[in-house]
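Numbering (this note's numbering), first residue to last: 15 to 204.
In this text, a Cβ means the ideal position worked out from N, Cα and C, and glycines have one as well.
The structure appears below as structure tokens.
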């Protein structure tokens, strides 16, 4: 993952051009362009396995979406693209490309092999500040997960850590829990 700072202005224009010309996934977090390559197999597989558990248990008015971005209230220049986000199914017919984070019932980030601790913390703070009610961070490097709930004052008040093999407890309108025993681990770097 690479981060660069661009002079204020139309950061979204720069982000869109970078995505078009390079194929990199671009987000703007706190005024900084953050670029990452397209997720690899185990990253995508983690998303797929958890999505398969979520979708059948969702109420009819909610849907699971990949490659859908959400903006920071009060600053549509700032946005993230979670690996998975649960939004109202009205999103299917929306012409906008940035969803309101307050409508996100759940967002999930699968940590990339190259993502640093600071980048993960910055992104977690972004979600809390934006008001995303539930954030799940899954880390295939270590086989651990963290569930963040109850955002208030730019921080999550509820933080629950677990490891692969332990279920992730959720609350309505989400399913009661997600199973993690089949999630893949990244091959350790040498």
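Would you mind sorting residue i into buried or exposed? The rule is 16 or more other CB atoms within 10 Å of its CB.
i: residue 175; result: exposed
i: residue 75; result: exposed
Which same chain residues end up closer than 6 Å to residue i when comparing Cβ atoms and leaving out the 5 residues on each side of it in sequence?
i: residue 68; result: 78
i: residue 142; result: 165, 168, 169 and 170
Nearest-angstrom Cα distance between residue i and residue j?
i: residue 201; j: residue 35; result: 30 Å
i: residue 187; j: residue 119; result: 8 Å
i: residue 203; j: residue 127; result: 9 Å
i: residue 144; j: residue 58; result: 25 Å
i: residue 197; j: residue 115; result: 27 Å
i: residue 139; j: residue 117; result: 18 Å
i: residue 65; j: residue 72; result: 11 Å
i: residue 91; j: residue 85; result: 7 Å
i: residue 156; j: residue 82; result: 27 Å
i: residue 137; j: residue 103; result: 25 Å
i: residue 135; j: residue 185; result: 24 Å
i: residue 106; j: residue 112; result: 12 Å
i: residue 27; j: residue 70; result: 37 Å
i: residue 94; j: residue 178; result: 26 Å
For a test of the three-state rule: what should DSSP assign to residue i, helix, strand or coil?
i: residue 155; result: coil
i: residue 190; result: coil
i: residue 68; result: helix
i: residue 200; result: coil
i: residue 24; result: coil
i: residue 205; result: Only positions 15 to 204 of the chain appear in the structure, and residue 205 is not among them; the question remains open.
i: residue 59; result: helix
i: residue 91; result: strand
i: residue 115; result: helix
i: residue 160; result: strand
Within a Cβ cutoff of 7 Å, which residues of the same chain sit near residue i, ignoring the five residues on either side of it in sequence?
i: residue 182; result: 150, 159, 161, 176, 191, 192 and 194
i: residue 56; result: 154, 198 and 200
i: residue 173; result: 160 and 162
Using C-beta distances below 8 Å, list every residue in its chain close to residue i, excluding the 5 sequence neighbours before and after it, in chain order.
i: residue 61; result: 53, 80, 97, 98, 122 and 124
i: residue 87; result: 114, 115, 116, 144 and 145
_Three Cβ pairs or more, each shorter than 8 Å: is that satisfied between the segment 105-123 and the segment 141-152?_
yes
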